[in-house]
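So the number in this note's numbering is just where the residue sits in the sequence shown, counting from 1, plus 1296.
Note that the Cβ used here is the ideal one computed from N, Cα and C, for glycine as well.
Only a predicted model underlies this, so the values are computations on that prediction, with no experimental measurement involved.
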Amino acid sequence: MSEPRTNIPHIKVCGLKSFEMIDVAVSAGASMVGFMHFPKSPRHVGIDDLGELISYVRGRAESVVITVNPDNSLVAEIAVFDPDFIQLHGSEPAERVEAIRLEGGIPVIKAVPIGDEEDLNAVADYDEVADRLLLDAKPPKTATRPGGLGRTFDWSLLKALDPELEFMLSGGLTPDNVQQAIRQVSPWGVDVSSGVESARGEKDPDLIRRFIEAVKSA
1297 MSEPRTNIPH IKVCGLKSFE MIDVAVSAGA SMVGFMHFPK SPRHVGIDDL GELISYVRGR
1357 AESVVITVNP DNSLVAEIAV FDPDFIQLHG SEPAERVEAI RLEGGIPVIK AVPIGDEEDL
1417 NAVADYDEVA DRLLLDAKPP KTATRPGGLG RTFDWSLLKA LDPELEFMLS GGLTPDNVQQ
1477 AIRQVSPWGV DVSSGVESAR GEKDPDLIRR FIEAVKSA
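The structure is reproduced here in structure tokens:
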């Protein structure tokens, strides 16, 4: 369901909270920016601020609102702001993903946690109902957040997937390892959050620029 892949992977910088960091990411070459709406996250953005951030980036890059198991009321609140995508980063089954996409009227990115070969079984099901897929590192059972933990996973597992499958790669990517990831996995896009932070939840403009430059030169 995605656009044709280009030579340079699409770049999504996630967990932005300010106009300043949006400017840094977009100016450096990010084609997507993500805003986290999940109170347990250090990158959480409240509903009142979401609209301003989405409006600010409109026409410059695609906006993505990341949620975790949202109910219909929250989906409706987010839809009012007309983001380009809503990202489902919880345990939403394929049926729920499809319902949000059709009833909410917002294109959907579904995050799929990958920890072992068995986790790949869900990818095909989600590919049928989501507009884009994001393959992320599976969090430990004790984690209070489903992503943004700085964890990578065994990228060689992805060799078992259909080579024509388009997906975004996430999970522990940094300016130092993203080139290796691109060369090994050849993803449609890459997603970064904690890997461009100087402190938890605080984006570092220099790290954002380094990450994007590394992607471009991979």
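Around the Cβ of Asp1423, are there at least 16 other Cβ atoms within 10 angstroms (buried) or fewer (exposed)?
-> Around the beta carbon of Asp1423, 16 or more other beta carbons lie within 10 angstroms, which makes this residue buried.
Would you kindly work out how many angstroms separate the C-alpha atoms of Thr1440 and Gly1411, rounded to a whole number? In this prediction, Thr1440 has a pLDDT of 46, which is less than 50 and means its spatial position is unreliable; what the coordinates show is noted afterwards. Going from the Cα of Thr1440 to the Cα of Gly1411 covers about 17 Å.
**Prompt:** In chain order, what residues of the same chain lie with their CB nearer than 8 Å to the CB of His1340, ignoring the 5 residues before and after it?
**Reply:** Scanning its chain for C-beta atoms nearer than 8 Å, with the 5 sequence neighbours on each side dropped, one finds around His1340 the residues Met1332, His1333 and Phe1334, in chain order.
With the cut-off set at 7 Å, would you say Ala1433 and Gly1468 are in Cβ contact?
yes
- Task: Starting from the Cα of Glu1316, find the closest Cα among Ile1307, Pro1305 and Val1329 and give me that residue.
- Result: Val1329
**Study point:** Nearest-angstrom Cβ-Cβ length linking Glu1308 and Asp1487, presumed shorter than 8 Å
**Key:** As written in the sequence, residue 1308 is Lys, which differs from the Glu given in the question. Contact between Lys1308 and Asp1487 holds, since their C-beta atoms are separated by about 4 Å, short of 8 Å.
Quick check: the Cα distance between Ala1510 and Pro1389, rounded to an integer number of angstroms? 35 Å
DSSP has His1385 in a bridge; who is on the other side? Looking at the DSSP assignment, His1385 forms no beta bridge with any residue, so it has no partner.
For Leu1460, the three-state DSSP class (helix, strand or coil)
Here residue 1460 is Glu; the residue named in the question, Leu, does not match the sequence. Glu1460 falls in the coil class under three-state DSSP.
- Query: Cα separation between Ser1387 and Ala1324?
  - Reply: 33 Å
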